[in-house]
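Heads up: the sequence shown begins at 56 in the working numbering, then just goes up one per residue. As structure tokens, the structure follows; a few thoughts come after it.
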Amino acid sequence: MRTLYIHIGAHRTATTSVQKFLQTNFVKLQRLGYFHPYNAGRHVALMNRLFSGEAQVAEVAADITARADGKAHDLHSVVLSDEDICMRRDLSVLARFREHFEVKIVFALRRQDLWLESWYLQNVKWQWNPSLAHLTFSEFLARREEFFWIHYDAYLRHVEELFGRDNVLVYAFDKAQMPDGPVAAFCDTIGLTERATLAPAPHTNTSMSPAMSEFMRVLPLDEIQPQQRKFFERACAQVDKTRAKQHGRQSSLLMDPDTRLRILDLYAAGNMAVAARYFERETLFLDPLPARDAPLAEMRLPSEGYAVMQDYVADFVRAMALIRAEEAAAIADRN
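This is the structure we're talking about:
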């Protein structure tokens, strides 16, 4: 029976880079016995169909098996990936795959204070959830219990009940525990250790600087279509890059030291339980906390209108014009 690895997240643990890596190495992975169905990168559409009942597990399993059987190489493992899976409270639909595969759940854990900071910046950047997209960081923190999946102990116990403890594979998104980077950590977790023939992992979907995030927070990007939203996101990214060259990189720390300790205390007991259960130690995350005197990010725009126009809007207009010119040139090249 083939092994089916289902990568469920969490967000902000280089999931996009993992998915790009799997997609880029679609053929090469097969030579190593790994199959990434549909070469999708992220299987969000498939998961939406499964959880809505539009697609049936038995039919999907049969289709994946037929595709794997038709490949030139002997494939022992299948890899599905979608970080939104962990946002679902009940994964019992996916447990039905156990009738067709030996199922392993892969879950990357990021320390909750850092995760909340990064998740906030992503919500402001992409604005897929209007109720979160325009909040200040303190307002966002007040709603942290909505992100139930970062109570790792409780969430993992649900997963263990469905799949069995031995079939749940976790790793910590911690620099100290990922010496070769997050994509390598993912690969090691699924037993993909011979990677010399594979294309390197890309670094994608980075957060904007806090200052640019504040600029984006006041933009109504949630009111426009996703494709148009991507255009504005690219323009903001270009401005952010320009500002970084002019002013240097900004601190990404959004929490003051006391808030950080208070937040971590909320998750401490659960983290200790996960550390004991999965790593046989007391501490789950090994990276040190930021120093108490580490500079905090400045999430504010210039108070004067002219300064905003000069520092942000002018470069934003230039970036939009540049991107439009690049798109027009690409279309001309194709014709």
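Every residue gets a Cβ at the ideal spot worked out from N, C-alpha and C, and that includes glycine.
- Message: Less than 9 Å between the C-beta atoms of residue 170 and residue 205, yes or no?
- Response: The Cβ atoms of residue 170 and residue 205 lie closer than 9 Å to each other.
- Can residue 90 and residue 116 be called in contact, C-beta distance under 9 Å? Cβ atoms of residue 90 and residue 116: not closer than 9 Å.
- Query: Would you report the Cα separation of residue 339 and residue 167, rounded to the nearest angstrom?
  - Reply: 11 Å
- Query: For residue 258, does the count of other Cβ atoms within 10 angstroms reach 16, so buried, or fall short, so exposed?
  - Reply: exposed
- Tell whether a beta-carbon distance below 9 Å holds between residue 105 and residue 148. Residue 148 sits close to residue 105, with the two beta carbons spaced by under 9 Å.
- Message: Check whether the segment 57 to 73 and the segment 156 to 164 are in contact - that is, three or more C-beta pairs closer than 8 Å.
- Response: yes
- Which runs of the beta strand (DSSP E), 3 residues or longer, sit entirely within the segment 177 to 243? 223 to 227
- Message: By the DSSP assignment, the beta strand (DSSP E) with residue 358 in it spans what residues?
- Response: Looking at the DSSP string, residue 358 is not in any beta strand (DSSP E), and its letter there is neither H nor E.
- Query: What do you reckon, are the CB atoms on residue 92 and residue 135 nearer than 9 Å?
  - Reply: yes
- Query: Can you list the alpha helix (DSSP H) stretches of 4 or more residues lying completely in the segment 92 to 136, in chain order?
  - Reply: 99 to 107 and 112 to 124
- Please list, in chain order, all residues of the same chain as residue 245 whose beta carbon is under 6 Å from its beta carbon, the five residues on each side excluded. Around residue 245: 60.
- Message: Please classify residue 285 as buried or exposed, where buried requires at least 16 neighbouring CB atoms within 10 angstroms.
- Response: Exposed, by the Cβ-count rule.
- Item | Rounded C-alpha distance that separates residue 388 from residue 289 | 21 Å
- Assign residue 230 to buried or exposed, taking buried as 16 or more other Cβ atoms, counted over all protein chains shown, within 10 Å of its Cβ. exposed
- Task: For the alpha helix (DSSP H) holding residue 161, just list the boundary residues, first then last.
- Result: Looking at the DSSP string, residue 161 is not in any alpha helix (DSSP H); the run it does join, the beta strand (DSSP E), is 157 to 164.
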